[in-house]
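Novice:
Protein chains in written order, with the working numbering: chain A, 120 to 278; chain B, 217 to 736.
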């Protein structure tokens with residue numbers, strides 16, 4: 120996964136300016152900022168509020184409502200484990216424990232060395248090939264413990 | 217040049233279709249064979265993915281599941297001419313799982329090159345829209361009503377009635393919004409269609425737009441579906457560039473501009489009013505109804521909000537006629553339902569059949585039982601808000617009314633199978649926890665009831681005042697059912713109460729109970 124650029128107010132202003140004409144522009148802007156910087160910096164909130172003529176509170180409310188938007192950069196690699204019913208039927212609760220042990224990080228956290236983030240997700244739409252995992256935006260199916268280890272080994276993030 | 221097909225559907229990619237396609241391209245180049253490698257959508261036979269197909273004079277021949285290591289052997293067996301191989305499945309159309317389907321909405325999915333406009337037109341594309349362009353808005357709405365199409369997102373509301381309300385609402389601007397926030401576990405039909413036949417959705421939305429006089433459409437796609445978002449965005453760009461939508465529909469009709477928008481990981485945004493709030497750039501808080509979105513929807517304007525499958529079904533209703541569509545199904549459930557068979561199942565996939573097929577036929581016949589080989593124990597139909605059913609209810613036909621009669625719902629057609637390792641008390645608790653996690657927080661029964669519900673189930677499992685807590689849980693479920701603002705709080709009791717009704721032993725952890733399970 121490409122390392123995101125450090126937050127820069129000028130770049131952020133340009134990103135916002137390019138999208139602010141859209142009807143209901145808040146989410147497209149937040150996605151674009153997160154794509155660019157890897158997270159939504161708190162300093163971006165007043166810039167968005169200014170551009171859209173909304174209050175900071177409204178923008179902060181939106182940022183904090185949606186699970187996707189981060190307030191700090193994620194690890195170099197983002198591993199998302201599906202925790203929903205179809206994956207439960209195929210043992211994702213065990214896989215979750217295995218993943219935490221293998222990566223050395225708890226669900227919802229980023230490892231201290233910044234190499235990996237482990238997150239829960241509720242359905243990746245791969246429910247006939249459960250358990251499902253998404254790593255850096257790529258989907259994997261029928262992920263048992265051994266397959267999980269292979270995938271993590273390929274990332275080369277160590278333990 | 218021989219046409220070879222390797223799916224680019226995300227589920228197929230998840231089990232290695234990308235590497236298989238690469239291996240086939242390399243092997244063909246090394247052998248000096250020119251092939252036309254098409255990256256199609258999935259046929260929906262997901263246990264056979266990656267499913268490779270080759271076009272032969274007799275029809276398309278399938279091989280699967282193919283691993284990159286199998287590719288050399290396939291070439292040696294002359295698979296490009298349909299040669300015999302251990303992975304050969306014969307003619308794709310003759311595979312019983314597919315042959316016994318009634319594909320209307322998914323007729324093209326897995327067959328065509330998803331982004332090829334030529335392929336789309338060659339397989340009946342735009343015919344429904346062409347026909348609709350010869351009709352008045354009122355006639356289009358009437359034919360959709362006559363077809364019997366009901367909302368495939370879960371509520372089952374008649375699509376034509378919704379459209380009529382928008383048609384009759386005077387406004388300077390109207391919108392068509394497609395709900396592609398397919399958050400229910402066990403469902404993937406929306407994803408498959410966006411990745412496998414995206415123009416069908418564009419065509420359906422264009423028909424909806426000209427019917428009611430809308431000139432702008434939005435497709436709200438969940439962010440968990442990056443592949444679908446990419447493919448669908450590319451489809452919009454191509455259709456616009458080709459002049460099929462945009463300033464004028466098919467070059468002769470009114471204007472219709474379409475935009476894909478990405479969700480941000482909130483399950484509640486699959487609720488239509490929450491989705492509209494999100495599209496407007498706000499927190500996904502559920503709105504009070506009335507006003508209905510058909511009267512005051514997106515940005516306060518009359519808006520059609522339909523599920524993706526409903527909209528993608530519209531073209532075939534006009535292509536083949538509303539009578540043709542209506543003649544499938546049973547009772548008041550007309551047409552077909554794209555069922556998604558998932559979870560602990562040997563042969564999971566997409567099964568489009570007329571309403572009326574039973575759960576037993578799906579699970580035992582199509583699915584061939586559990587993936588683990590252990591005995592079946594429960595099935596959850598309709599996503600995280602759907603009921604859990606035991607073996608005794610497997611003869612229930614898939615029909616909106618039949619499911620309501622057994623206190624369940626079809627939802628978006630997801631069927632998730634569990635083997636005998638499942639603990640229904642845990643599942644009931646998860647239903648409450650999920651509701652707590654995803655509640656928008658606007659109404660109290662959902663916001664607080666879900667957290668209290670999980671706590672009460674914990675106490676029941678721990679055998680703390682079991683009797684009293686069971687009464688409390690039933691009472692809480694009644695409150696959530698009757699008092700919640702939307703389906704999230706209002707239907708979370710379905711999985712909980714069904715688990716309690718059909719699997720009471722799982723809620724009793726005392727030593728005397730469940731001897732069989734204790735022995736494991």
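From the three backbone atoms N, C-alpha and C, an ideal C-beta is built for every residue, glycine too.
Please read all numbers here as calculations on a predicted model, not as lab measurements.
(1) For chain A, find out if any of its Cβ atoms is closer than 9 Å to the Cβ of residue 734/B; answer yes or no.
(2) Out of 601/B, 550/B and 675/B, state which residue places its alpha-carbon closest to the alpha-carbon of residue 399/B.
(3) Strictly below 7 Å CB to CB, what residues from chain B border residue 192/A?
(4) Under DSSP, the alpha helix (DSSP H) around residue 217/A begins and ends at which residues?
(5) Evaluate the contact criterion for the segment 278-285 of chain B versus the segment 334-353 of chain B: three or more CB pairs, one atom per stretch, below 8 Å.
(6) Quick one: which chain B residues come within Cβ less than 9 Å of residue 209/A?
(7) Is there a C-beta anywhere in chain B that falls below 9 Å from the one on residue 245/A?
(8) On the DSSP bridge assignment, give the partners of residue 226/A in chain order.
(9) Mind checking which residues open and close the beta strand (DSSP E) that includes residue 395/B?
(10) Could you give the distance in angstroms between the alpha-carbon of residue 484/B and the alpha-carbon of residue 655/B?
(11) Could you check if residue 468/B is buried or exposed, using at least 16 other CB atoms within 10 Å of its CB as the buried criterion?
(12) List the endpoints of the continuous alpha helix (DSSP H) containing residue 461/B.
(13) Could you please give me the residues that DSSP links to residue 196/A through a beta bridge?
(14) Which of the three DSSP states, helix, strand or coil, is assigned to residue 535/B?
(15) Please name the residue or residues paired with residue 254/A in a DSSP beta bridge.
(16) For residue 505/B, count neighbouring C-beta atoms within 10 Å of its own C-beta (all shown protein chains included) and say buried if the count is 16 or more, exposed if not.
(17) What is the DSSP secondary structure of residue 710/B, reduced to helix, strand or coil?
(18) Are the CB atoms of residue 401/B and residue 203/A within a distance shorter than 9 Å?
(19) Which residues mark the beginning and the end of the alpha helix (DSSP H) in which residue 240/B is found?
(20) From what residue to what residue does the alpha helix (DSSP H) around residue 680/B run?
(21) In the DSSP assignment, find the alpha helix (DSSP H) that holds residue 219/B and state where it starts and stops.
(22) Could you check what DSSP says for residue 552/B in three-state terms: helix, strand or coil?
(23) Would you kindly report the start and end of the unbroken alpha helix (DSSP H) that includes residue 642/B?
(24) May I have a chain-ordered list of the alpha helix (DSSP H) segments no shorter than 4 residues that lie completely inside the segment 464-499 of chain B?
(25) Who are the neighbours of residue 403/B on chain C, taking C-beta pairs under 8 Å?
(26) Using 8 Å as the threshold, is the segment 514-531 of chain B in touch with the segment 157-168 of chain A, meaning 3 or more CB pairs across them?
(27) Against chain A, does residue 646/B count as a neighbour if the rule is that its beta carbon must be under 9 Å from one of theirs?
(28) Does residue 166/B pass the burial test, meaning 16 or more other C-beta atoms within 10 Å, or should it be called exposed?
(29) Can you list the alpha helix (DSSP H) stretches of 4 or more residues lying completely in the segment 384-446 of chain B, in chain order?
(30) At a CB-CB cut-off below 7 Å, which residues of chain B make contact with residue 187/A?
(31) Which residues in chain A sit within 8 Å of residue 400/B, going by Cβ to Cβ distance?
(32) My guess is that residue 321/B and residue 568/B are in contact by the Cβ rule of under 8 Å, so how many angstroms apart are they, rounded?
(33) Starting from the C-beta of residue 423/B, find all residues in its chain whose C-beta is less than 6 Å away, skip the five residues before and the five after it, and write them out in chain order.
(34) Residue 276/B lies in the beta strand (DSSP E); which residues open and close that run?
(35) Using CA coordinates, which residue listed in 677/B, 296/B, 306/B and 258/B is at the minimum distance from residue 241/B?
(36) Strictly below 7 Å CB to CB, what residues from chain B border residue 144/A?
Specialist: Reading off the structure:
(1) Since pLDDT at residue 734/B reaches only 42, below the 50 mark, its modelled position is unreliable, and no value is offered.
(2) 601/B
(3) Within 7 Å Cβ-Cβ: nothing; residue 192/A doesn't reach chain B, min ~17 Å.
(4) First-last of the alpha helix (DSSP H) with residue 217/A: 211-222.
(5) no
(6) Within 9 Å Cβ-Cβ: 559, 560, 587 and 588.
(7) Interface residue, yes.
(8) DSSP output for residue 226/A lists no bridge partner at all.
(9) 391-396
(10) 7 Å
(11) exposed
(12) Premise fails: residue 461/B is in no alpha helix (DSSP H) and is neither H nor E.
(13) 235/A
(14) helix
(15) 198/A and 257/A
(16) Looking at its Cβ environment, which holds fewer than 16 other Cβ atoms inside 10 Å, residue 505/B is exposed.
(17) When DSSP states are grouped into helix, strand and coil, residue 710/B belongs to the helix group.
(18) In contact: residue 203/A and residue 401/B (Cβ atoms closer than 9 Å).
(19) 233-246
(20) Premise fails: residue 680/B is in no alpha helix (DSSP H) and is neither H nor E.
(21) Note, residue 219/B: premise wrong, no alpha helix (DSSP H); beta strand (DSSP E) at 218-221.
(22) strand
(23) 640-654
(24) 488-495
(25) The structure shown contains no chain C; its protein chains are A and B.
(26) no
(27) yes
(28) Absent from the model: residue 166/B. The displayed extent of chain B is 217 to 736, so no value can be given.
(29) 405-412 and 414-428
(30) 439, 480 and 481
(31) 242
(32) 6 Å
(33) 345, 348 and 530
(34) Note, residue 276/B: beta strand (DSSP E), 275-279.
(35) 296/B
(36) 497
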